[in-house]
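Counting in the working numbering, the sequence shown runs from 2 upward without gaps. Positions of the beta carbon are idealized from the N, C-alpha and C atoms, including for glycine. Note that the structure is a prediction, hence the values are computed from the model and not measured.
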Amino acid sequence: MKILFTASECVPFIKTGGLADVVGALAPVLAKQGHDVRVMLPLYAAVPKQYVDQMTHVTDFEVALGWRRQYCGIELLEKDGVKFYFVDNKFYFGRPYIYGMGGDEYERFGFFCRAALNALPLLDFQPDVIHAHDWQSGMVPALLKIQYAHLPFFANIKTMFTIHNLQYQGVFGIREVQDVLGLGDSLWTDDKLECYGCANFMKAALVYSDIITTVSPSYAEEIQTAYYGERLDGLLRARKHEVFGVLNGIDMEDYNPATDARIPAEYTADDLSGKAKCKAELQEKLGLTVDPNVPIIGMVGRLSSQKGLDLVDYIIGDLMSENVQLVVLGMGESRYVNLFSWAEGEFKGKVAARFAMDHALAHQIYAGCDMFLMPSQFEPCGLSQLIALRYGTVPIVRETGGLRDTVLSYNEYTGDGNGFTFFNYNANDMLNVINRAIDYYENHKDVWHTLQQRGMTGDYSWTNSSKKYMELYEGLVSGRFDHDSASNQEKTSSDDDAEANPVVVPYPYEKEEPEAPVKPKRVRRTKEQIAADKAAKEAEKAAKEAAKAAEAPAKPARKRRTKAEIETEKAAKAAAAEVTTEVPAKPARKRRTKAEIEADKAAKEAAKADKPARKPRAKKTETQE
């Protein structure tokens, strides 16, 4: 079978997260099975020179982006039986960082998606299936169906889209994307490309792909709910019979403590003596107190809220009061960089933090730690817990997504399990589980040794996962795609109609309002604060009692009147007004005639003439008035 992967990153060439691991591991596994697998990637400036020097120029052409025409070169590198094609354009990809530079992500990856399709006829490669990964490749299935499917070369190509993290969707302005990709107004409706007034590369792929996969069975179920669905849950539920969860694997050769040259000492499940040496050297290298009896908890990955680091922030003071050490490696949000920087200074010899992407140090942490903490708020699959298991480092995880599918909490009654888990997104629940793990480490060495061996002997390879992907590929190509055989889920009577008329999406999407988790209050307590906590509480209690004695009586609360009381008062006032004695009305002023005015004037003149000279003024009588 001929398969083309389109992705924005791939190990060993470029990596920021698990997407690169999946593409870089799955493609060679499929190639070893006899399939013609090729991968299309951007040629970033960050690709190591050692690989750039091995590339050969295959072809070049121009890509039309609206009124622009941009150069595109295709460079080829063959490795592990896979042909890797690199899309070369210095304007878009010759930048220091692969994401978030220039504010033109829609144009950069719109260019990449169109270039990948335009290159296929020139490469004389007609794939049976194009497997696009994450939003950066999201426009590949959409453009294929909208603008290329009428061409004979592209008519029979099927598409699969894999969601690695639904939170990152590639959301941009409609006019910008429309201008770059030449997508007409009729396409910008709620059942096609428009998404809440924006262009959304992830949604475009979910609408136009023939089949949708994600990286764990649990995550495939979770993203169809409002809490995890990132406003696309309605669309995913509408296409639920084309949504599959396929658990990721890891490269078992690269992550093998028996042959890993990056770690100080090699070891196996039968002989763990080398792990003790790895632990001692890790403590010495990172400035921790060298003590074989103190358990080390490791954390490797992006420093983001997704990883549940606010829970760690909440209990870090309490955690450091225990006989335990903490090692953190990663890059990300400044609030968490500040947190672990503060903790390293506050708890010297107990906390070590390194803010970098150091592949060798990551291997040393997996090998040297006793426990590995992943309290993720959500986790599509997660690879770190699989690597930790491979190195005999017992995982402590929250039960979500791929963590729930790969880590089973130890059951002291049955003996089952390979780690420790908690369900609620709650800092105290997490602390209780960590303390449980510490107890088994210190007081139940036989159980701890069993958990280590069980983790190291597990199968986390791509063998089983690649078989599931091949089932889906073959179902697409044969036209006999059967949801039952691929996922063992019940197929409804509407499946035939859905296959004949795919992508019928209701709108507005049905949404269930989630119950928002209570965000824990941020607390950072020092060792001294923890030691003085009991005394401080007693002093506070005494102060409150003294203040209560001197406190003035509280002002009574204003009684809120009911509507009925207000209406009754208004009626009483109206009744009182009716019984009040009426004030006599003032008589209207009589208007005199001109003759009356003249007569009155003459009378006054006569009276004046009859008045005696210099005689005192007489008192007016009622008749004179």
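Since residue i and residue j are thought to touch, with beta carbons under 8 Å apart, how far apart are those beta carbons, to the nearest angstrom?
{"i": "L304", "j": "M332", "result": "6 Å"}
{"i": "I213", "j": "R240", "result": "6 Å"}
{"i": "L145", "j": "I75", "result": "18 Å between Cβ atoms; not a contact."}
{"i": "Y474", "j": "M2", "result": "6 Å"}
{"i": "T7", "j": "I131", "result": "6 Å"}
{"i": "L167", "j": "S467", "result": "Between S467 and L167 the Cβ distance is about 23 Å, and since that is not below 8 Å, they are no contact."}
{"i": "C199", "j": "G174", "result": "7 Å"}
{"i": "F423", "j": "R405", "result": "The pair is not a contact, with the Cβ atoms about 11 Å apart (cut-off 8 Å)."}
{"i": "K302", "j": "S187", "result": "The sequence shown places Gly at residue 302, rather than the Lys named in the question. 43 Å between Cβ atoms; not a contact."}
{"i": "V83", "j": "P49", "result": "No, V83 and P49 are not in contact; Cβ-Cβ is about 17 Å, not under 8 Å."}
{"i": "M300", "j": "L390", "result": "Not really, about 15 Å apart at Cβ, beyond 8 Å."}
{"i": "E231", "j": "Q170", "result": "7 Å"}
{"i": "D261", "j": "H364", "result": "6 Å"}
{"i": "R39", "j": "Y93", "result": "With a Cβ gap of about 21 Å, R39 and Y93 do not count as contacting."}
{"i": "G393", "j": "V408", "result": "G393 to V408, Cβ: 14 Å. No contact."}
{"i": "N412", "j": "G418", "result": "5 Å"}
{"i": "I297", "j": "V329", "result": "The Cβ separation is near 11 Å, so there is no contact."}
{"i": "G44", "j": "D105", "result": "The question names Gly, yet the displayed sequence has Leu at residue 44. Not quite, the Cβ-Cβ distance comes to about 17 Å (not below 8 Å), so this is no contact."}
{"i": "S210", "j": "F245", "result": "Not really, about 12 Å apart at Cβ, beyond 8 Å."}
{"i": "M41", "j": "L5", "result": "6 Å"}
{"i": "L387", "j": "Y268", "result": "The Cβ separation is near 18 Å, so there is no contact."}
Label residue i either buried or exposed according to how many other C-beta atoms from any shown protein chain fall within 10 Å of its C-beta, with 16 as the threshold for buried.
{"i": "W463", "result": "buried"}
{"i": "R70", "result": "exposed"}
{"i": "G250", "result": "buried"}
{"i": "K91", "result": "exposed"}
{"i": "S494", "result": "Note that S494 scores a pLDDT of 35, beneath 50, so its modelled location is shaky; the value from the coordinates is reported in the next line. Classification of S494: exposed, given that the 10 Å Cβ count is below 16."}
{"i": "G67", "result": "exposed"}
{"i": "R109", "result": "buried"}
{"i": "D22", "result": "buried"}
{"i": "Y315", "result": "buried"}
{"i": "I567", "result": "exposed"}
{"i": "P507", "result": "Reliability fails at P507, whose pLDDT of 33 lies under 50, so the model's placement of it is uncertain and the value that follows must be treated cautiously. Looking at its Cβ environment, which holds fewer than 16 other Cβ atoms inside 10 Å, P507 is exposed."}
{"i": "K308", "result": "buried"}
{"i": "R455", "result": "buried"}
{"i": "E223", "result": "buried"}
{"i": "T401", "result": "buried"}
{"i": "N339", "result": "exposed"}
{"i": "P128", "result": "buried"}
{"i": "R263", "result": "exposed"}
{"i": "P258", "result": "buried"}
{"i": "P97", "result": "exposed"}
{"i": "A544", "result": "exposed"}
{"i": "D311", "result": "buried"}
{"i": "N294", "result": "exposed"}
{"i": "M372", "result": "buried"}
Can you tell me which residues form a DSSP beta bridge with residue i?
{"i": "K3", "result": "D37"}
{"i": "P43", "result": "V88"}
{"i": "A133", "result": "T7, F162"}
{"i": "M203", "result": "DSSP lists no partner for M203."}
{"i": "E63", "result": "Y72"}
{"i": "H450", "result": "DSSP, once it has assigned bridges, lists no residue as partnering H450."}
{"i": "Q326", "result": "I297"}
{"i": "M372", "result": "I298, V395"}
{"i": "F173", "result": "A200"}
{"i": "H58", "result": "E76"}
{"i": "E195", "result": "A200"}
{"i": "T670", "result": "Lying outside 2 to 626, the shown extent of the chain, residue 670 is not represented and no answer is given."}
{"i": "I15", "result": "C11"}
Less than 8 Å between CB atoms is the rule here; does residue i satisfy it with respect to chain B?
{"i": "V24", "result": "The structure shown contains no chain B; it is built from a single protein chain."}
request  = Would you mind listing the alpha helix (DSSP H) stretches within the region 329 to 364 that are 4+ residues and don't spill past its ends, in chain order?
outcome  = 335 to 347
Touching by the beta-carbon criterion (3+ pairs, under 8 Å), the region 374 to 391 and the region 341 to 360 = no
ask   = Hey, is the region 149 to 158 in contact with the region 112 to 128, meaning 3+ C-beta pairs nearer than 8 Å?
value = yes
query = What are the complete beta strand (DSSP E) segments, minimum 3 residues, inside the region 65 to 109?
reply = 69 to 80, 83 to 89
query = Is the region 270 to 280 touching the region 364 to 373, taking contact as three or more C-beta pairs under 8 Å?
reply = yes
query = At what residue ranges does the region 237 to 322 contain a whole run of the alpha helix (DSSP H), taking only runs of 4 or more?
reply = 274 to 287, 310 to 321
Inter-stretch contact (C-beta, 8 Å, three-pair minimum) for the region 211 to 231 and the region 180 to 195 = no
ask   = Three or more C-beta pairs closer than 8 Å, one from the region 131 to 143 and one from the region 199 to 209: is that the case here?
value = yes
inquiry  = Extract the residue ranges of the alpha helix (DSSP H) inside the region 407 to 487, only unbroken runs of 4 or more that lie entirely within it.
reply    = 428 to 444, 446 to 457, 464 to 479
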